[in-house]
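The block underneath contains the structure these notes are about, expressed in structure tokens.
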Amino acid sequence: MVGKRALHKDFWMEVRKSRARFISIFCIVALGVAFFSGIQASSPDMRLSGDAYYNESKLMDLKVVGTMGLTDDDIQALKELPETDTVEGAYSTDVICGETDSQKVLHVESLNKEVNHLSITEGRLPQKSGECFLDSAFASGQKYSIGDKVVIRQPGDSELLKEETYTVVGIGKSPLYISFNRGNTTVGSGEVNGFMYVVADDFDSDVYTQIYVRAHEVDKVTSYTDGYDNLADKLEDKVKGIEAERCQARYDSVVGEAQEKIEDAEKELADGKKEADEELADAKKKLDDGEQELTDGEKEYEDGKQQLADARQELEDGKKQLADAKQKIADGRSQIASARQQVADGQAQIATAQKKLDEGWNQYNDGKKKYNAGKKKLDAAKKELEDGKKQIAAGKAELEQKQQELNAGIAQIQEGQQAVETQLAQLQEQIPQLEAGIGQLQAAVEGLEAAQNAVAQLEAAVQEKQSAVEAAQAARDEAAQKVENGELTEEELAGYEQALAQAQAELEAVNGALAQAQESLNACQQAAAQKTELEANLSAANAGVETLQAKKTELAQTLENLSANQTAIDEGKAKLNEEEAKLGPAEKEIAANEKTLKDSKKKLDASLKKLQDGQAEIDANKAKMNSALAEIEANEQKLNSGEAEIAANEQKLVDGEREIQENEQKLKDAEKELEDARKELADGKKEYEDGKKEAEDKIKDGQEKIDDAKKELTDLKYPEWILTDRNGLPEYSDYGDNADRIKNIGEVFPVIFFLVAALISLTTMTRMVEEQRTQIGTMKALGYSKISIASKYLNYAFLATAGGSVAGILIGEKIIPFVIIKSYGIMYHNVENTLQIHYELKYALLASVAALICTVGATIFSCVHALAETPASLMRPPTPKEGKRILLERIPILWKHLNFTWKSSLRNLFRYKKRLFMTIFGIAGSMALMLVGFGIRDSVSDIVHLQYTNLQHYDATIISDDDATDTEREALIESLDKNESLDHYTKIRLSKLTAPNGKSNLSVYVFVPENLENFKKDVTLRNRVTKEEYELPEDGAAVCEKTASLLGLKIGDELTLEKDDKEYHVKISVITENYAGHYVYMTPQIYKETFGEEPVYEDIVFSVKEEYKDQVEKVGQKIMDSPAVLSISYTESTIEMVDRMLSTLGVVILVLIVSAGMLAFVVLYNLNNINITERQRELATLKVLGFFDIEVSQYVLRENIILTIAGILFGSGFGILLHRFIIVTVEVDAVMFGRNIAPLSFLYCAVITCIFSAVVNIFMHKKLKKIDMVESLKSVE
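Just so we're on the same page, the working numbering is the position in the sequence shown counted from 1, plus 502.
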């Protein structure tokens, strides 16, 4: 029991005594476990966070879109499926919003009650017609706020929405759009810019545009898992099962309604035709009757015509009387004409003055342009002058800095010289002292042999006396037995006991003499050891003197070199002063030019005043001319009134004559009636002909419409349902892909990280057991069992490892997933308020058990190895290894040029090979992990630049409408030919096919250009490694590198493609570099040979001219006006989307880099701490020899620097291999990351490693200063 308490106490004392080692193991295990379990747990936590948002917002699992719309019957049929939970219809359309130059496309959708719940950022949901809920990203970008009006315009003849102006009552987000992408459209620029929700009553439609479906028990499975995929696939299969029935019902309903409308139209047309025929017959009869009446009237008119001729003479007299009045009217007309001429002359003079004034304005504008150009030149000169001043100031600052550095260097050299002189004096003083000490110890050493002989003689005497005691003891025991048997008396037994006591006394006396002799022998041995040690110190002191002499010479030469630099600095200052003097004339010239410009500005302002005054005068004259013209118009009106009065008087004369000649007047009346009748008859005939033609045209148009409706009904396509699951939503699948990327990174990177951490922990425990071999031997000699002895070290390892594992799990599985998921929250708003971070027991146990196996296993192995030895061998120091020459010693030309400290450092490096390899491996591992982190960043960031700058050069892709007519397609091509914004365009055949890949299929795009010359401008085919560029092959296809890799194909193999359930084969002639998507490039001839048909070029890629590169979407908006265009996909939009997706990896990569850097620091600290602990006696000896603290630190830490450099070199090579392996591992099928690490990344990693090494050196320097020379030099025994 006492022994167990002692072990327990010893264990906790060991923990306290070796706190640095214990904390080191604790930290490195915690770091490894935290990183391993944290990265591994991030992927499932991302899925859970996304799934929580989808469940909370009731995100749909399937969207059903019908080409003929959807009805309530369709909703009911879907609800009856046992696989559905919620079914709800909705309306949607795409509209235009904004002015012509800044048009945006909004996707408008009706609010849903059961599915796709919106997240409200501001305001509320719409409650009545005319209110809307707006996309928060769109509202922010377009500066909309609560209460603002959104004016929309529906494309074409669409009238699906009842309102054109909506009031914003709410702003927020939709689960249908979890990131920035809003999808594509067939209106505007081809891209949706935002979404808007309104109440269902705002849609004027009898059918739904889509139906949203949520699966039964979807809340019980997690999105992005096989369980959810299976549930969604099962739901989709069941919906497909009723598609044919529902589509047939919808088709019958639409056809029935259309047929009924056609029949009604035919009946209406027949009725209208009958009514028109009856009306035309009646009109014809009336015309015939009117013509007979006109014939009778003309006969009567001829009879009265003769009487009218007689009356004409009398009318001439009345006309003569009116001639004078008419003459007066003519004179008035002449005066008005004269006035009009004067006004015209005035207007001509005004026009001449206006022309001169316009010339003045032109001169003013020319002067203003010259003024602006001069001002621009003056501003440039000012800027150039300021830049020159800044450069001179910077140069002076730089020279001043160099001067300070030079002064500091000279001072430092002088201090070094003083220190060398001091150290040299100390060594020269110590050498005689060491020689005197050796002489004093010589006498004691010479008595060593005599002492050893005395001890041997006394040991023999002790054995002899021991034998005598044992014999006396045996005799006494035998006598005692005889006394019991009655054979001897007590007095005789007392004699035996006296003899035994005398023998024991003699033994004690001899033992006392032996102890004294042993002390003398120990003193002689210690003197011999001290003599050997002092002789070694004397050799080191002599070597130190040589080293300091060399250093003294070196410092003197350095001081001379620094003094020479002063001349260069003085010359630089003189040159800068000269340049500064040159700036004075330039500044004066600028001031003069500025005054000239001010004078010019004053003249321009004066000219502007004159021009404005002249314009005002001309405007006043124009007003006068307009007033005069109005007066002329008034006088002319008076003349007209006079003419009317003359006409009235003339009528009075006619009336008087009519009273005299009644019959003549009646004839005139009859003539007028006759003319009216003729006109009425002519109008009737014309009206009859027009009515007849109009009736015939209407009947013809009606018949054509009926025929067109019948043809449209005959051509009506059978409806179908388009089913879209969540993967069809913008960015939904990308979120899952990002979770998979984290998972892929977690399968490789943390494993390497953990192995390095575990190996360092293993080394630490192994060294601990080796260091305490003497203590283990003592405990074994005292009778402790092997299990009891080993339990101390096993408990030590278990406590440190288990504690580190628990801390790593608690911290790592919370912080790392939180950081990673929060970083993705920048791009995906679905994780903002539904962050789910759980402890993953599987990864926690795996990391903890692995850490325990490595650390505790290594401890068990070391303990078993140590406990196999005898206590005596354990209590003695291990036999030193035989000294060997290192490789550099066999190269005299190098070895002879090294000083003492360098030779010692190099010998120590190769002497402790285990430490050498472990340090290099630890640093190399950490360097490699950091390099992988930077390398992943380089590989990911390279994708966009490489894909869309070096490989694919076109700016956009036009997706044609399959239903477009040939005329519409020809019109599109004609408009592209006339479009001055385009540099060129290429018609292409772009088909999405599948390539069999084991159990799964690979989606590939077959790209066939019509014009091979333009194809060279659009796409570059090249080898990724050699950068050799290829032509589009004529004997096969060009296949992307990633595609060929996934399919396991090479040049010369055949690629199998599936189209319409048939397989086609094409030879691979070129494997080309590509990073996004799977493309197979073919010439038209290869396409025809492969598929047996000519390629139909339905799509188009185009590039704009350089000056329109920032207006690609505006160019696309004009192209979208063509009915042959379905949508346009812009390369810039793809670049922005990929950039946003990949930018979120930056924080993840930062976590990797920071973790690897922390590992590097812990590894360096741990290994250096072990190094110093093992070599305390050696370092104390150096201090005894007179080495300063800084020199002792340099002696040790020089090795650290060398090993750090070696670790960086090996780590760079290992990092390249590890990076390539990880990049291939973390790639998803549709993307290939870059394969190269940027040179700067190597530099960053090396610098970070060196910084950590320097920090560790600082800590170690403090530890070295605390080494106690007396304690460290004590005997190991």
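Glycine included, C-beta positions come from ideal geometry on N, C-alpha and C.
Cβ-based burial, residue i [other Cβ within 10 Å; buried from 16]
i: P1741; result: exposed
i: E1545; result: This sequence places Thr at residue 1545; Glu is not what is there. Answer is buried; the Cβ neighbour count reaches 16.
i: N1063; result: exposed
i: D1115; result: exposed
i: I1621; result: buried
i: I1395; result: exposed
i: S1777; result: With a pLDDT of 44 at S1777, under the threshold of 50, the modelled position of this residue cannot be trusted, and the question is left open.
i: M503; result: Note that M503 has pLDDT 43, beneath the 50 cutoff, so the model's placement of it is unreliable and no number is given.
i: D1121; result: exposed
i: L1548; result: buried
i: F1419; result: exposed
i: F1735; result: buried
i: D728; result: exposed
Residues bridged to residue i [DSSP beta-bridge criterion]
i: M698; result: V610, L636
i: S1631; result: T1459
i: I598; result: V607, R655
i: Y1583; result: F1509, A1540
i: A1001; result: Note: A1001 sits in no beta bridge, so no partner.
i: R716; result: T588
Whole-number beta carbon distance between residue j and residue i, since they are thought to touch under 8 Å
i: V1758; j: F1663; result: 7 Å
i: Y714; j: A592; result: 6 Å
i: E558; j: T1265; result: Not really, about 50 Å apart at Cβ, beyond 8 Å.
i: P1783; j: C749; result: This structure cannot speak to residue 1783, because the chain is shown only from 503 to 1779.
i: I1322; j: V535; result: Not quite, the Cβ-Cβ distance comes to about 17 Å (not below 8 Å), so this is no contact.
i: I1573; j: V1541; result: 6 Å
Opening and closing residue of the alpha helix (DSSP H) in which residue i lies
i: T1751; result: 1741-1767
i: P546; result: 521-558
i: I1355; result: 1343-1369
i: F1517; result: 1514-1520
i: V1442; result: 1415-1447
i: F1604; result: Looking at the DSSP string, F1604 is not in any alpha helix (DSSP H); the run it does join, the beta strand (DSSP E), is 1601-1606.
i: I1732; result: This sequence places Ala at residue 1732; Ile is not what is there. Here A1732 belongs to no alpha helix (DSSP H), and DSSP marks it neither H nor E.
i: Q1678; result: 1678-1686
i: D575; result: 574-581
i: T1574; result: No alpha helix (DSSP H) contains T1574, which is instead part of the beta strand (DSSP E) from 1564-1574.
i: L1396; result: 1394-1397
Endpoints, beta strand (DSSP E) assigned at residue i
i: S1477; result: S1477 -> not in any beta strand (DSSP E); alpha helix (DSSP H) instead, spanning 1468-1480.
i: T724; result: Counting along the chain, T724 falls outside any beta strand (DSSP E), and DSSP gives it neither H nor E.
i: E1543; result: Taken as a continuous stretch (DSSP letters only), E1543 belongs to no beta strand (DSSP E), being part of the alpha helix (DSSP H) at 1543-1549.
i: Y1487; result: 1484-1499
i: T464; result: Here the chain comprises residues numbered 503 to 1779, so residue 464 is not present and cannot be evaluated.
i: A674; result: The residue asked about is misnamed: residue 674 is Gly in this sequence, not Ala. Where G674 is concerned, the enclosing beta strand (DSSP E) stretches over 667-675.
i: E1560; result: 1556-1561
i: G685; result: Careful: G685 lies outside any beta strand (DSSP E) and carries neither H nor E.
Closer than 9 Å to chain D by CB, residue i
i: R1526; result: Absence of chain D from the displayed structure is noted, only one protein chain being present.
Practice task
Inspect the CB distances between the region 1688-1700 and the region 563-581 and report whether three or more fall short of 8 Å.
Solution key: no
Practice task
Please confirm if the region 1490-1500 is in contact with the region 1508-1521, defined as three or more CB-CB distances below 8 Å between the two stretches.
Solution key: yes
Practice task
Check whether the region 670-689 touches the region 636-654, taking contact to mean three or more Cβ pairs, one atom from each stretch, closer than 8 Å.
Solution key: yes
Exercise for the section: May I ask you to verify whether the region 1342-1357 touches the region 1295-1313, counting CB pairs closer than 8 Å and requiring at least 3? Expected result: yes
Exercise for the section: Give a yes or no on contact between the region 704-721 and the region 526-546, applying the rule of three or more CB pairs nearer than 8 Å. Expected result: No: the two stretches stay apart, fewer than three of their Cβ pairs being nearer than 8 Å.
Exercise for the section: Would you be able to state if there are at least three C-beta pairs under 8 Å between the region 610-622 and the region 732-740? Expected result: Segments in contact, no.
Practice task
Determine contact between the region 1471-1484 and the region 1553-1571, defined as no fewer than three beta-carbon pairs at a distance below 8 Å.
Solution key: no
Practice task
Specify whether the region 563-573 and the region 1217-1237 touch according to this definition: at least 3 beta carbon pairs, one from each stretch, less than 8 Å apart.
Solution key: yes
Practice task
Report yes or no: do three or more beta-carbon pairs, one from the region 1464-1473 and one from the region 1694-1708, lie closer than 8 Å?
Solution key: no
Exercise for the section: Determine contact between the region 963-982 and the region 993-1011, defined as no fewer than three beta-carbon pairs at a distance below 8 Å. Expected result: yes
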